[in-house]
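Trainee: I am attaching a structure below and will ask some questions about it afterwards.
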Amino acid sequence: MKHSAVEPGTTVLGVEITELRYHTLYSLSAAAGIDHSRRSRLLKKPGEIPANATEVDCGNMVFEAATTIPMVEAFKTAVPLRDVPEYLGASKRRVEILYREGSVPPLVPRSGPGSVRHAVFVRSHLDELLVRIARLPGIDPSCDGELPPISHACQRGAGRFEHLFAESLRGRTPAFRNPDRTGIRPIDVDVGILLGAKNAA
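Residue numbers (my numbering): 10 to 210.
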């Protein structure tokens, strides 16, 4: 019973099943709201179903409800790599740097099926990153235009983009945001303080 996809309300040996712990491929389709043509394909991407599995093989499989439903939902709403720059308000090059450094991890690890070329990203993870950026202090209107964007700061010797970005989110680098814009591109940093600290070191 611990490894069977038995529907809640079913009575087995006099005991009523109250919680669905496992899904068949068919019950998973209904629960996650995905059609027959997509269900196997979505589960093959993270390796839950072997790439060469037949329809009969798939029909005999069971999947843990607690982990499989969230995973399918994540794939249904995932953002492909080509759309991440616009989503995060950053250049394609900056996103590729964050992807390479692991700051923006893909839904399927790069060593797994569908890596790199077909990389997709969990929308909620990207939203969490945007929320962290939104928590940066807003720039004083009187200083608008005086502090360079994070990309320009890197060009002026403030450090590598990925390190500067991470330190900004951790509060270790003086960074501010334009309250009228969202994403990575509007982050401004105080180059004077950064260069002064580097020279002192």
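Note that CB positions come from ideal geometry on N, CA and C, so glycine has one too.
Restricting to Cα atoms, I'd like to know which of H161, P114, V71 is closest to S133.
Mentor: Locating residue 133 in the sequence shown gives position 124, where the first residue counts as 1. Comparing Cα positions, the closest option is P114.
Trainee: Please check the pair A87 and V131, which I expect to be a contact at CB under 8 Å, by giving their CB distance rounded to whole angstroms.
Mentor: Taking the first residue of the sequence shown as 1, we reach residue 87 at position 78. Taking the first residue of the sequence shown as 1, we reach residue 131 at position 122. Confirmed, about 6 Å.
Trainee: Looking at C-alpha atoms only, which residue of L178, Y31, L97, V104 is the closest neighbour of M70?
Mentor: Numbered from 1 along the sequence shown, position 61 holds the residue referred to as residue 70. It is Y31.
Trainee: Is it buried or exposed, T182, if we count other Cβ atoms within 10 angstroms and call 16 or more buried?
Mentor: The residue you call residue 182 lines up with position 173 of the sequence shown. Buried: at least 16 other Cβ atoms inside 10 Å.
Trainee: Can you find the residues in the same chain that come closer than 6 Å, C-beta to C-beta, to L97, ignoring five residues on each side of it along the sequence?
Mentor: Residue 97 sits at position 88 when you count from the first residue of the sequence shown. G192, I193.
Trainee: Evaluate contact between the region 135-142 and the region 62-82, counting only Cβ atoms and requiring at least three cross-stretch pairs below 8 Å.
Mentor: Touching, no.
Trainee: H172 to K54, Cα distance in whole Å?
Mentor: Counting from one through the sequence shown, the residue named residue 172 turns up at place 163. Counting from one through the sequence shown, the residue named residue 54 turns up at place 45. Whole-angstrom Cα-Cα distance: 31 Å.
Trainee: Report the three-state DSSP secondary structure of D199 (helix, strand or coil).
Mentor: Translated into the one-based positions of the sequence shown, residue 199 becomes position 190. Of the three classes helix, strand and coil, the one that applies to D199 here is coil, per DSSP.
Trainee: Our contact map puts I196 next to P158 with C-beta atoms below 8 Å; I'd like the distance itself, whole angstroms only.
Mentor: The residue you call residue 196 lines up with position 187 of the sequence shown. The residue you call residue 158 lines up with position 149 of the sequence shown. About 7 Å separates the two Cβ atoms, so the contact holds.
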